[in-house]
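Numbering (my numbering), first residue to last: 15 to 386. Yeah, the Cβ is synthetic: ideal placement off N, Cα and C, and Gly gets one too.
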Ligand SMILES: [Zn+2]
Ligand SMILES: [Zn+2]
């Protein structure tokens, strides 16, 4: 066993070794960058049938396109960055700083002031330095900076395609400002809803996007068409129909109809419209306000998603005779509302008025069904 003293010594060695290793790697990166620029200026990559030097590097040197492009950019401008180069040699800044420096020099041309930026690079992490350089670019040439940002807006793209199973595939690009607005709206909704929330970040972001589209409170205008049998979840009932979607399950319709903010059309078995959205089952505006005042936020234990992002859940669904009185309603955020309906969780009120949750029983294979 090691004595405490020895542990300290070995930790110190580890620290020193990491710093030294990174320094050697950074110097190797500089050497690589120089040769990458030389290579890019040649036509060797063309002879090899590559579309560009970066593409050749990407494939043959196992690099990302960004890393390959950074190497070429640094190599091309290295001779104009003597102080930055020296700072890497001295271990005062890293190759990551140098890449940002090269990009800035490239963008600013004659207005680039290396001395000023090297000092900043020494004092800041590469990430922070990246921001500082952007400020410097704006300060030196606000017109070009604004033009670049305007161009980024022109490059906005959002592609939506539907998969065979009806899922929606989303891919796109937003400019920094548009992207920031999007993240500002999305991120509060993508936070974990409590200790029990085991969704990973990507799942939470996707859930947040849907929540954002639903529009929080009561603005949603999703048109659904369902038969009463479907809503009641009777065996043999067809699925319900929803605009832009494949047919949806009765569980989903039960949830959509529960938060009566969704424009809905119910058909009886003869396909005659019997209920078009607004009816006495809709929670009235005063009723909704009273509910928000009473519950404040989602009532799921441990969740504090605000009222404006929650639905009015009927403890006894109106389809089973539940009323829209306050004692039959609780606020649930959209995720927990989903868990109660589609997710088969149960929510029961304890003797002390607190809500208790019961997870679904896991069954394998087709769920057992009685002779109903
Ligand atoms: Zn509900
Ligand atoms: Zn919740």
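Inset, instruction - Report all residues for which the CB-ligand distance to some heavy atom of ligand 1 is below 5 Å; order them along the chain. - result: 272 and 327
Inset, instruction - Go to residue 370, then tell me how far its beta strand (DSSP E) extends in each direction, as first and last residue. - result: Taking the chain shown and counting its residues from 1, the one referred to as residue 370 is at position 356. It spans 369-372 - the beta strand (DSSP E) in which residue 370 sits, taken as one unbroken run.
Legend entry - Top-ranked residue by Cα proximity to residue 173, from 188, 368 and 179: Translated into positions along the chain shown, residue 173 becomes position 159. If we check each option's Cα against that of residue 173, 188 comes out closest.
Inset, instruction - Tell me whether residue 375 is buried or exposed, calling it buried when 16 or more other Cβ atoms sit within 10 Å of its Cβ. - result: The residue you call residue 375 lines up with position 361 of the chain shown. Per the 10 Å Cβ criterion, exposed.
Legend entry - Start-to-end residues for the beta strand (DSSP E) that takes in residue 173: The residue labelled residue 173 in the question sits at position 159 within the chain shown. That run of the beta strand (DSSP E) goes 171-176.
Legend entry - Residue burial classification, residue 368 (beta-carbon count within 10 angstroms, cutoff 16): The residue given as residue 368 occupies position 354 in the chain shown. Burial call: exposed.
Legend entry - Span of the alpha helix (DSSP H) around residue 163: If you number the chain shown from 1, residue 163 lands on position 149. Unbroken alpha helix (DSSP H) run through residue 163: 156-168.
Legend entry - Straight-line Cα distance separating residue 42 from residue 35: Within the chain shown, residue 35 is the residue found at index 21, counting from 1. Within the chain shown, residue 42 is the residue found at index 28, counting from 1. Rounded to whole angstroms, residue 35 to residue 42 spans 11 Å at the Cα level.
Legend entry - Helix, strand or coil at residue 107 [DSSP, three-state]: Residue numbering aside, residue 107 sits at position 93 when the chain shown is read from its first letter. In this structure, residue 107 counts as coil in the three-state DSSP scheme.
Inset, instruction - Answer with buried or exposed for residue 386, where buried requires no fewer than 16 other C-beta atoms within 10 angstroms of its C-beta. - result: In the chain shown, the residue the question calls residue 386 occupies position 372. Its pLDDT being 34, under 50, residue 386 is placed unreliably by the model, and nothing is read from it.
Inset, instruction - Return yes when at least one heavy atom of ligand 2 lies under 7 Å from the C-beta of residue 355, else no. - result: Within the chain shown, residue 355 is the residue found at index 341, counting from 1. It does not: the Cβ of residue 355 is nowhere closer than 7 Å to a heavy atom of ligand 2.
Inset, instruction - Compute the Euclidean distance between the alpha carbons of residue 266 and residue 355, then round it to the nearest angstrom. - result: Counted from its first residue, the chain shown places residue 266 at position 252. Counted from its first residue, the chain shown places residue 355 at position 341. Rounded to the nearest angstrom, the two C-alpha atoms are 7 Å apart.
Legend entry - residue 37 to residue 349 span [Cα, whole Å]: Locating residue 37 in the chain shown gives position 23, where the first residue counts as 1. Locating residue 349 in the chain shown gives position 335, where the first residue counts as 1. Each residue's Cα considered, the two are about 48 Å apart.
Legend entry - Uninterrupted alpha helix (DSSP H) stretches inside the segment 125-160 (no shorter than 4 residues): 128-137 and 140-154
Inset, instruction - With a floor of 3 residues, list each beta strand (DSSP E) that falls wholly inside the segment 324-349, ordered by position along the chain. - result: 324-328 and 343-347
Inset, instruction - On a CA-only basis, which of 238, 216, 211 and 208 is nearest residue 200? Give me that one, please. - result: Taking the chain shown and counting its residues from 1, one reaches residue 200 at position 186. Nearest C-alpha to residue 200: 216.
Inset, instruction - Kindly identify the DSSP beta-bridge partner or partners of residue 255. - result: Here residue 255 refers to the residue found at position 241 of the chain shown. According to DSSP, which records beta bridges pairwise, residue 255 is partnered with 239.
Legend entry - Inter-residue CB distance, residue 329 and residue 342 (contact presumed, cutoff 8 Å): The count along the chain shown starts at 1 and reaches residue 329 at position 315. The count along the chain shown starts at 1 and reaches residue 342 at position 328. Residue 329 to residue 342, Cβ: 5 Å. Contact.
Inset, instruction - Count the other CB atoms, across all protein chains shown, that sit within 10 Å of the CB of residue 207; report buried if there are 16 or more and exposed otherwise. - result: In the chain shown, counting from the first residue as 1, residue 207 sits at position 193. The residue in question, residue 207, is buried, as its Cβ has 16 or more Cβ neighbours within 10 Å.
Inset, instruction - Would you kindly work out how many angstroms separate the C-alpha atoms of residue 264 and residue 86, rounded to a whole number? - result: Here residue 264 is taken as the residue at index 250 of the chain shown, counted from 1. Here residue 86 is taken as the residue at index 72 of the chain shown, counted from 1. When rounded, the distance between both Cα atoms is 57 Å.
Legend entry - Those runs of the alpha helix (DSSP H) which lie wholly inside the segment 64-95 and span at least 4 residues: 67-74 and 79-91
Inset, instruction - Give me the Cα-Cα distance between residue 68 and residue 117, rounded to the nearest whole angstrom. - result: Looking up residue 68 in the chain shown gives position 54. Looking up residue 117 in the chain shown gives position 103. Taking the straight line from one Cα to the other gives about 16 Å.
Legend entry - Exposure label - residue 366; buried when at least 16 CB within 10 Å: As a working mapping, residue 366 is identified with position 352 in the chain shown. Exposed is the call here.
Inset, instruction - Taking residue 88 and residue 112 to be in contact with their CB atoms under 8 Å, please state how far apart those CB atoms are, rounded to whole angstroms. - result: Here residue 88 refers to the residue found at position 74 when the chain shown is read from its first residue. Here residue 112 refers to the residue found at position 98 when the chain shown is read from its first residue. 6 Å between Cβ atoms; contact.
Inset, instruction - Express the C-alpha separation of residue 271 and residue 258 in angstroms, rounding to a whole number. - result: In the chain shown, counting from the first residue as 1, residue 258 sits at position 244. In the chain shown, counting from the first residue as 1, residue 271 sits at position 257. Going from the Cα of residue 258 to the Cα of residue 271 covers about 18 Å.
Inset, instruction - Tell me whether the beta-carbon of residue 44 lies closer than 8 Å to the beta-carbon of residue 102. - result: Numbered from its first residue, the chain shown carries residue 44 at position 30. Numbered from its first residue, the chain shown carries residue 102 at position 88. Yes; because the gap between Cβ atoms is below 8 Å, this pair is in contact.
Legend entry - Cβ neighbour criterion (16 or more within 10 Å) applied to residue 177: Mapped onto the chain shown, residue 177 falls at position 163. Residue 177 is exposed by the Cβ-count criterion.
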